[in-house]
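Here the first sequence is numbered in this note's numbering, starting from 1 and rising by one per residue. Glycine residues also receive a C-beta, built at the ideal position from the N, C-alpha and C atoms. Predicted model only: the values in this text are computed from it and were never measured. Heads up, the thing below is written out as structure tokens.
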Amino acid sequence: MSISIYNTLTRKKEPFVPAEPGKVRMYVCGPTVYDSCHIGHARSVVVFDVITRYLRRRGFEVIYVRNFTDIDDKIIRRAAELKVDPKDLAERYIREFHRDMDALKVERATLEPKATEHIPQIVQIIERLMEKGYAYQANGDVFFSVTAFPGYGKLSGRKLEDMEAGARVEVDERKRDPFDFVLWKASKPGEPAWESPWGPGRPGWHIECSAMSAAYLGETFDIHGGGKDLIFPHHENEIAQSEAAFGRPFVTYWVHNGFININHEKMSKSLGNFLLIRDLLETYPPEAIRLFLLSSHYRSPIDFTPGQMEEALSGLDKLYALLQRAQAALKPDTMKGEAMFSGAYWDRFCNAMDNDFNTAQGIGVLFDAARSANRLMDETSDPGRDDFQRHIGGTVSQIRGMGDVLGLFTESAESYFESRQVQLQKEKPVDTAAVEALVAERAAARRAKDWARADAIRRHLEEMNVILEDRQEKTIWKLK
RNA sequence: GGCGGCAUAGCCAAGUGGUAAGGCAGCGGUCUGCAAAACCGCUAUACUCCGGUUCGAAUCCGGAUGCCGCCUCCA
Numbered sequence: 001m002s003i004s005i006y007n008t009l010t011r012k013k014e015p016f017v018p019a020e021p022g023k024v025r026m027y028v029c030g031p032t033v034y035d036s037c038h039i040g041h042a043r044s045v046v047v048f049d050v051i052t053r054y055l056r057r058r059g060f061e062v063i064y065v066r067n068f069t070d071i072d073d074k075i076i077r078r079a080a081e082l083k084v085d086p087k088d089l090a091e092r093y094i095r096e097f098h099r100d101m102d103a104l105k106v107e108r109a110t111l112e113p114k115a116t117e118h119i120p121q122i123v124q125i126i127e128r129l130m131e132k133g134y135a136y137q138a139n140g141d142v143f144f145s146v147t148a149f150p151g152y153g154k155l156s157g158r159k160l161e162d163m164e165a166g167a168r169v170e171v172d173e174r175k176r177d178p179f180d181f182v183l184w185k186a187s188k189p190g191e192p193a194w195e196s197p198w199g200p201g202r203p204g205w206h207i208e209c210s211a212m213s214a215a216y217l218g219e220t221f222d223i224h225g226g227g228k229d230l231i232f233p234h235h236e237n238e239i240a241q242s243e244a245a246f247g248r249p250f251v252t253y254w255v256h257n258g259f260i261n262i263n264h265e266k267m268s269k270s271l272g273n274f275l276l277i278r279d280l281l282e283t284y285p286p287e288a289i290r291l292f293l294l295s296s297h298y299r300s301p302i303d304f305t306p307g308q309m310e311e312a313l314s315g316l317d318k319l320y321a322l323l324q325r326a327q328a329a330l331k332p333d334t335m336k337g338e339a340m341f342s343g344a345y346w347d348r349f350c351n352a353m354d355n356d357f358n359t360a361q362g363i364g365v366l367f368d369a370a371r372s373a374n375r376l377m378d379e380t381s382d383p384g385r386d387d388f389q390r391h392i393g394g395t396v397s398q399i400r401g402m403g404d405v406l407g408l409f410t411e412s413a414e415s416y417f418e419s420r421q422v423q424l425q426k427e428k429p430v431d432t433a434a435v436e437a438l439v440a441e442r443a444a445a446r447r448a449k450d451w452a453r454a455d456a457i458r459r460h461l462e463e464m465n466v467i468l469e470d471r472q473e474k475t476i477w478k479l480k
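Here it is as structure tokens:
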């Protein structure tokens, strides 16, 4: 079975065949580091994290490049507002990005190049575009001439004449065509600047990606990803620059993830509904956020609501509870349930993932496996039997295997539930000593078969937001 | 004005022409002193509507309606 990927360029699902067998070269547009990361960034980063993990699991060597745009108008503006150096501002938000994404269990990209560290490569491409007649100068700025590039619009399906130029933005009268875009921007006094043949300035937004992808992945590479919003103009412009400069196809597969709405509304600064990752992490376990993000197909829009997150959380609780239960049932000398990448569930999972990385379907397989393991444990009368051990061990191992691709079950069930309780304690504190005392009192009542007393205590605890589970050995309590 | 997407049960969501995964919630049951958890069963005569292609369509084509996104910085 081969992997198929929906390609924005052709608007079709296509079998995935990398240029060099066994090796995948992938570039994903990273953030412009002028502010904290929100849930939308998380979606893109998590989606491509899972894609990378899956491709690697399927045996590909993946060179995954994700850039940081660390010089740009927004960075300069924000730095001026805060009266800090733009470089310091960028570095601060790069650190934040790493902190947030590490917390979300995202693996680092193979390379994370920064625009400011590739100025020579950027200047070189612009020079080349000038030589070939695709670019022109206008007092210190350099523009790309879209009419000089015949394929312009092929990614976004736009024709130049169909677009309402200047409908929303004033057109720079120095441009030959309203859709010409800046490759090199002359700096104003006090702004960060690099020397160039056209005078001191800084790179335009799009050119860095053309330069850095060529530097690390070559002039043609396999996968280019990013959020849907980047299709136009960013990726369209990248294609124009790279193909004009190098005279060969830029990217084979274009992959774009959908957006996140917040409570049915578009996330926007004006609505003030930006959900920052670090704020979300205050409330939810990182893997619940991942499970939420991966429960829909990566291209669909998804709606973030507290209810949706609670559902993801319930699901994650259920899966961790199964892992905990299975761990207790498995004999130490047999399988301990390490990740396994074969078997019926694994095959079904791969089948889903092969189909344009259908994580939603894959998660369905995960729950199927969990249910089957629970059933087996419910039904068995002799957990020591070899076939039982093998069966549970195999199922749990496959669950861990799927988790390995999705970035789930990275911690022990014990520590997961422990942090859940800590979290709940933070939200609705209870007096632990008092609860323990009541639980002990109820245990005594139960031993005396004083059910009325036991139930009264249970009700009392429930009012305190505490639920009880009477296990064989002892009673455990947890916060609701 | 141009381009694109989506419409599946109470909610979320998958579905790759052959007869509707999974999750959450709800109800019934098994288990339990009672619960909880887990499991079992039930919950879409059928996938917005109307046509068409086909032996056969949620899946393909045309049209209608309704949402949404992009065309400006944006994940």
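Just so you know, the alpha carbons of Val251 and His224 end up roughly 7 Å apart. Nearest C-alpha to Val396 among Gly227, Lys159, Tyr345: Tyr345.
Leaving aside the five residues that flank Asn261 on each side, the residues in its chain whose CB is nearer than 6 Å to its CB run, in chain order, Asp303. The Cβ atoms of Ala115 and Asp49 lie no closer than 8 Å to each other. For Met464, no alpha helix (DSSP H) encloses it, and the DSSP letter there is neither H nor E. When the five nearest sequence neighbours on each side are left out, the beta carbons in the same chain lying within less than 7 Å of the beta carbon of Pro383 are those of Ala329, in order along the chain. The Cβ atoms of Phe349 and Met402 sit closer than 8 Å to each other. Between His206 and Glu161 the beta-carbon gap is near 22 Å, outside 8 Å, which marks them as no contact. Within its own chain, the residues whose Cβ lies closer than 6 Å to the Cβ of Leu55, once the five positions on either side in sequence are excluded, are Val24, Val62, listed in chain order. By the Cβ rule, the region 375–382 does not count as touching the region 423–439, because fewer than three pairs are nearer than 8 Å. The C-alpha of Arg278 is placed about 16 Å away from the C-alpha of Pro306.
Proximity of the region 284–303 to the region 104–113 meets the contact definition, three or more beta-carbon pairs being nearer than 8 Å. Between the C-alpha atoms of Leu281 and Ala80 there is a straight-line separation of about 30 Å.
In summary, Glu236 is buried, with 16 or more beta-carbon neighbours lying within 10 Å of its beta-carbon over all protein chains present. Spanning the alpha carbons of Lys228 and Arg66 requires a straight line of approximately 16 Å. In this chain, the beta strand (DSSP E) harbouring Asn261 covers 260–262. Taking the C-beta atoms as reference points, Trp254 is found nearer than 8 Å to Thr8. Under the three-state reduction of DSSP output, Gln425 falls in the helix class. Looking at the backbone, the Cα of Arg385 and that of Ser419 are separated by about 34 Å. Counting only residues of its own chain and dropping the five nearest sequence neighbours on each side, Ser213 has a CB closer than 7 Å to the CB of Tyr27, Val65, Phe221. Separation of Lys175 and Tyr152 (C-alpha to C-alpha, rounded to the nearest whole angstrom) is 16 Å. Counting only residues of its own chain and dropping the five nearest sequence neighbours on each side, Phe149 has a CB closer than 8 Å to the CB of Tyr134, Ala240, Glu243, Ala244. In this structure, the straight-line span from the alpha carbon of Ser415 to that of Leu217 is close to 40 Å. Of the residues assessed, His460 falls on the exposed side of the cut-off, its CB having fewer than 16 other CB atoms within 10 angstroms. When DSSP reads this structure, Gln327 sits in no beta bridge, so it has no partner. For Asn257 against Val47, the beta-carbon gap comes to about 5 Å, under 8 Å, which counts as contact.
Cβ neighbours of Gly22 within its own chain (closer than 8 Å, five residues either side excluded): Gly59, Phe60, Glu61.
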